[in-house]
Amino acid sequence: MSQSSYSEIFRENRALIDSGASPVMNALRDRALACFEKYGFPDARCEEYLHTDISQWFAPDWGMNLGRVKLPVNPSEAFRCNVPNLSTQMHFLACDSYMKKDGQPTLVEGVTVGSLLEISRSNPQLVGKYLGSVVEMEKPGISALNTMFMQDGFMVHVPRNVRIDKPVQLVSLMSGAVSMLSCRRILVVLEQGAELRLLLCDHSSAARECLSAMVVECVVGDNARLELYDLEETSQTNSRVCDFFVSQGRDSSVHASVLTLHNGRTRNSFHSVFKGPGASLELDGIAISDGNQHVDNYSFVDHASTDCISSELFKYILDDRSTGSFAGKVLVREGSQRTVSAQTNRNICLTRESRMFTQPQLEIYADDVKCSHGATVGQLDEKALFYMQQRGIPMKEARMLLMLAFAGEVLDRIPLDSLRSRLTGLVELRLRHGQSRCEGCNVCK
Amino acid sequence: MEMLKIENLHAEIAGKEILKGINLSIEAGTVHAIMGPNGSGKSTLSNVLSGHPAYTVTQGKATFKGKDLLAMPTENRSHEGLFMSFQYPVEIPGVSMTNFMRTALNEKRRYLGLDPMSPTDFLKLMKQKRDLVKLDAKFMNRSVNEGFSGGEKKRNEIFQMAVLEPSLSILDETDSGLDIDALRIVAEGVNSLKTPETSALVITHYQRLLDYIKPDVVHVLYAGRIIRTAGPELALELEERGYDWLIKEFEDSNR
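Protein chains in written order, with the working numbering: chain A, 355 to 799; chain B, 3 to 257.
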């Protein structure tokens, strides 16, 4: 379907979309439509999407569940947590619909967590203040599309100086009887001095082709601390376009890890802006792919304030005919003195057929800054492989040790001990067993 | 018992012939030294015996404890008891010494049909072998060879040798980059591992290492062939007179 077909569907179904959503959401749609019609899907002329033509992904006539038909899936039965033995407060989304569970204990008094639809109906003032506030729709992409069609999703709001120690986990499942496009929306708000660890787990059924166009927006207040872990474990039939928007206040800190372990086609865009001085961002990613998988991570870090630190580390391991792309732009605006920024992208191509595209970009308009970037594409170290074989370690195991060591550098930066060891385990499982599924997820089998 | 028998071994790298007919026989319980000028093929010989993928054997054979060595993959040569101490030990960032040694040891045990070693026994073994080469415990948590000094790397080679208990150890220029104290520690390590059942092939430029590790037989390798085999006195003579006279004799006899 072309871009105009999406506008048409939207116009024809506007009443249906609105009725299944909330006034706060509906209020954003006119502008979203205008932006979508002006900018649309990115095409080959769009440098940010040079190696991923997502307009092709939207070409099939996907169905959308605009009438809010209840999907015949019970995530809590179908799903056993794939991040084993981690104590979290778990929530579920089926496609974009929040699945209510009984007996979910309150996290901490004052914290709002749950369905974006419900919260935006019951507390329009809170949601209205933040929804869409940090999302950039005035450029080609899927943010406008997501805003046009969003009807539900997930929200966490942590009030001032409230610290949540127990990680909040959101498990999203793309599954159902038919192929489908889903536009889920996730809103995370940390007021001044708040702290949150959020783990997003993205799963899908291999039986149907699915496309998700999701937006994750995070408003991180002054002195607040957010740890955001995004783990994609979907299937080869899944396509995902995910736009992250993070706005950081003064002296805030964010750690984000974007891990693509199982997927079909993936495009993640991470937009971050420092709104106040003294803030820091650690943005990491791992992509492991084989077969015909495609993983594209784009990041844009906007140093709009002084004395901020950003550090990026992305690593890819590409096997078979898989392709990877990384483009990272760091913008240091005029007057953003004492900026410290480091960006590293390292990649291993295990076969001659695998391809990696990497493009670091630095734009600096301040003079007192320390910025670095580096990118490498290579193979496993043959000298190290021979050394290990000479000590009796078979080639296959030697390669495994080298790949785990390679990914380990990223995993070691995960601040939460319990999560680090579990994610390390998942990465090892992925590398050892290729695309064959791990134990955790019943829907995928 | 014959540990290693090499017959008419020819090998090349990238189409260039380096070894041009090596014949060598090593008995169990003996130490052989191979000396020779730069570029004579010493390191090629050790690499070919360990199974380095860059080298192709074009002729000849090598029998290790009665088995066809050249038919085995590198890791099985190791399991069968062949160890090579690298001239330049490789750094492996992100792989800890402990993990590395545990994997190597348990792969060997699996090959021999044994269960993996218990963690307690493994730790005991590590300590015992570390003491042998005076390798500090802190190295075990570090990545393999990463940030090790030249001497520490060589000690680490002998430590690994001690753990894997090979029947034939090839020491490829183990003395290069070592100061006198480190050299002595390494040599003592090698000597303490010597038994009537094990052999060593010491590849070196200099007599110096042979003061500490006494060879039974000394070979001179030149242009891919062994041009002289004699007792330990040959090493002393080479130290004094260099290789030129030997090379000249060899070339004269081939004229």
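Each residue gets a CB set at the ideal place from its N, CA and C atoms; glycine is no exception.
Burial state of C795(A) (16 or more Cβ within 10 Å): What you label residue 795(A) is simply residue 441 of the first sequence in a count that begins at 1. Confidence in C795(A) is poor, its pLDDT being 44 and thus under 50, which makes the residue's placement too unreliable to answer from.
For K155(B), which three-state DSSP category applies? Position 153 of the second sequence, counting from 1, holds the residue named residue 155(B). K155(B): helix per DSSP, three-state reduction.
In chain B, which residues lie less than 7 Å from Q744(A) when you measure between Cβ atoms? If you number the first sequence from 1, residue 744(A) lands on position 390. Simply S52, T76, S80 and M86.
Using a Cβ cut-off of 7 Å, pull out every chain A residue sitting near F20(B), in sequence order please. The count along the second sequence starts at 1 and reaches residue 20(B) at position 18. The sequence as given places Ile at residue 20(B); Phe does not occur at that position. Those do not exist, as I20(B) stays about 17 Å from chain A at its closest Cβ, beyond 7 Å.
In the stretch 751-778 of chain A, which residues sit with their C-beta less than 8 Å from some C-beta in chain B, listed in chain order? Correct list: E751, L755, L756, L758, A759, F760, G762 and E763.
Secondary structure of C798(A), DSSP reduced to three states: Here residue 798(A) refers to the residue found at position 444 of the first sequence. Here the model assigns C798(A) a pLDDT of 39, short of 50, so the residue's position is not dependable and the matter cannot be decided.
Could you say which of S679(A), I718(A) and R517(A) lies nearest to R709(A) if we only look at CA atoms? Taking the first sequence and counting its residues from 1, the one referred to as residue 709(A) is at position 355. It is S679(A) whose Cα lies nearest to the Cα of R709(A).
Here's the rule: buried if 16 or more other CB atoms are within 10 angstroms of the residue's CB, otherwise exposed. What is H787(A)? Indexing the first sequence from 1 puts residue 787(A) at position 433. Flag for H787(A) reads exposed.
Buried or exposed, going by whether 16 or more other CB atoms sit within 10 Å of the CB of V423(A)? Here residue 423(A) corresponds to residue number 69 of the first sequence, with the count starting at 1. So V423(A) counts as exposed.
Output the distance between the C-alpha atoms of E636(A) and N577(A), rounded to the nearest integer angstrom. Start at 1 with the first residue of the first sequence, and residue 636(A) comes out as number 282. Start at 1 with the first residue of the first sequence, and residue 577(A) comes out as number 223. Distance between the alpha carbons of E636(A) and N577(A): 15 Å.
Quick check on DSSP: helix, strand or coil for I215(B)? Counting from 1 along the second sequence, the entry for residue 215(B) is found at position 213. Three-state result, I215(B): coil.
Alpha carbons only, please: which of K683(A), S664(A) and G374(A) is nearest the one belonging to D506(A)? The residue labelled residue 506(A) in the question sits at position 152 within the first sequence. That would be G374(A), whose Cα lies nearest to the Cα of D506(A).
Can you grab the Cα-Cα spacing for the pair E472(A) / G746(A), in whole Å? The sequence position of residue 472(A) within the first sequence is 118, counting from 1. The sequence position of residue 746(A) within the first sequence is 392, counting from 1. Rounded to whole angstroms, E472(A) to G746(A) spans 59 Å at the Cα level.
Selection from T60(B), A106(B), Y113(B) and L114(B) that minimises the alpha carbon distance to F124(B): Working through the second sequence from its first residue, we reach residue 124(B) at position 122. Closest by alpha carbon: A106(B).
Only counting the same chain, and skipping five residues up and downstream in sequence, which positions put a Cβ closer than 7 Å to that of I718(A)? Looking up residue 718(A) in the first sequence gives position 364. Counting only Cβ-Cβ distances below 7 Å, and skipping sequence neighbours, we find V686 and C725.
Residue environment, W411(A), which counts as buried when at least 16 other CB atoms sit within 10 Å: Against the first sequence, residue 411(A) aligns to sequence position 57. With 16 or more other Cβ atoms within 10 Å, it is buried.
List, in order along the chain, the chain B residues whose C-beta lies closer than 8 Å to that of K737(A)? Here residue 737(A) refers to the residue found at position 383 of the first sequence. Within chain B, the residues placing a beta-carbon under 8 Å from that of K737(A) are V92, ordered along the chain.
Would you call D450(A) buried or exposed, if buried means 16 or more other Cβ atoms sit within 10 Å of its Cβ? Looking up residue 450(A) in the first sequence gives position 96. With 16 or more Cβ atoms within 10 Å of its Cβ, D450(A) is classed as buried.
Proximal chain B residues relative to I747(A), where beta-carbon distance stays under 9 Å: Residue 747(A) sits at position 393 when you count from the first residue of the first sequence. Going along chain B in sequence order, the residues near I747(A) (Cβ under 9 Å) are E77, S80, F102, T105, A106 and E109.
Roughly how many angstroms separate the alpha carbons of E242(B) and R767(A), rounded to a whole number? Working through the second sequence from its first residue, we reach residue 242(B) at position 240. Working through the first sequence from its first residue, we reach residue 767(A) at position 413. Computed Cα separation, rounded: 57 Å.
Exposed unless 16 or more other CB atoms sit within 10 angstroms - verdict on R538(A): For the purposes of this step, residue 538(A) is identified with residue 184 of the first sequence, where counting begins at 1. When all chains shown are included, R538(A) counts as buried.
Taking contact to mean at least 3 C-beta pairs separated by less than 8 Å, is the stretch 80-88 of chain B in contact with the stretch 236-251 of chain B? No, they do not touch.
Please confirm whether Y393(A) and M491(A) have their CB atoms less than 9 Å apart. If you number the first sequence from 1, residue 393(A) lands on position 39. If you number the first sequence from 1, residue 491(A) lands on position 137. Yes. Within cutoff.
In or out: I182(B) buried (at least 16 other Cβ within 10 Å) or exposed? The count along the second sequence starts at 1 and reaches residue 182(B) at position 180. Exposed: under 16 other Cβ atoms inside 10 Å.
At a Cβ threshold of 9 Å, is F322(A) touching chain B? Residue 322(A) is absent from the structure shown; chain A starts at 355 and stops at 799.
N622(A) lies in the beta strand (DSSP E); which residues open and close that run? As a first step, residue 622(A) is located in the first sequence; it is residue number 268 there, counting from the start. Taken as a continuous stretch (DSSP letters only), the beta strand (DSSP E) holding N622(A) covers R619 to F628.
Under 9 Å, do H865(A) and L580(A) count as touching if we go by C-beta distance? There is no way to answer for residue 865(A), as the model of chain A reaches only from 355 to 799.
Quick check: the Cα distance between E366(A) and P478(A), rounded to an integer number of angstroms? If you number the first sequence from 1, residue 366(A) lands on position 12. If you number the first sequence from 1, residue 478(A) lands on position 124. Answer to the nearest angstrom: the Cα atoms are 26 Å apart.
Between the alpha carbons of N699(A) and A681(A), how many angstroms are there, rounded? Mapped onto the first sequence, residue 699(A) falls at position 345. Mapped onto the first sequence, residue 681(A) falls at position 327. Rounded to whole angstroms, N699(A) to A681(A) spans 9 Å at the Cα level.
Out of Y224(B), V219(B), G115(B) and P95(B), which one is the CA nearest neighbour of D735(A)? Here the question's residue 735(A) lines up with position 381 in the first sequence. Nearest option by C-alpha distance: P95(B).
Apart from the five residues just before and just after G762(A), which ones in its own chain have a Cβ nearer than 8 Å to its Cβ? For the purposes of this step, residue 762(A) is taken as residue 408 along the first sequence, with counting starting at 1. Hits under 8 Å: T778.
In whole angstroms, what separates the C-alpha of L511(A) from that of V612(A)? Your numbering for residue 511(A) matches position 157 in the first sequence. Your numbering for residue 612(A) matches position 258 in the first sequence. Note that residue 511(A) is His in the sequence shown here, rather than Leu. Their Cα atoms are separated by approximately 21 Å.
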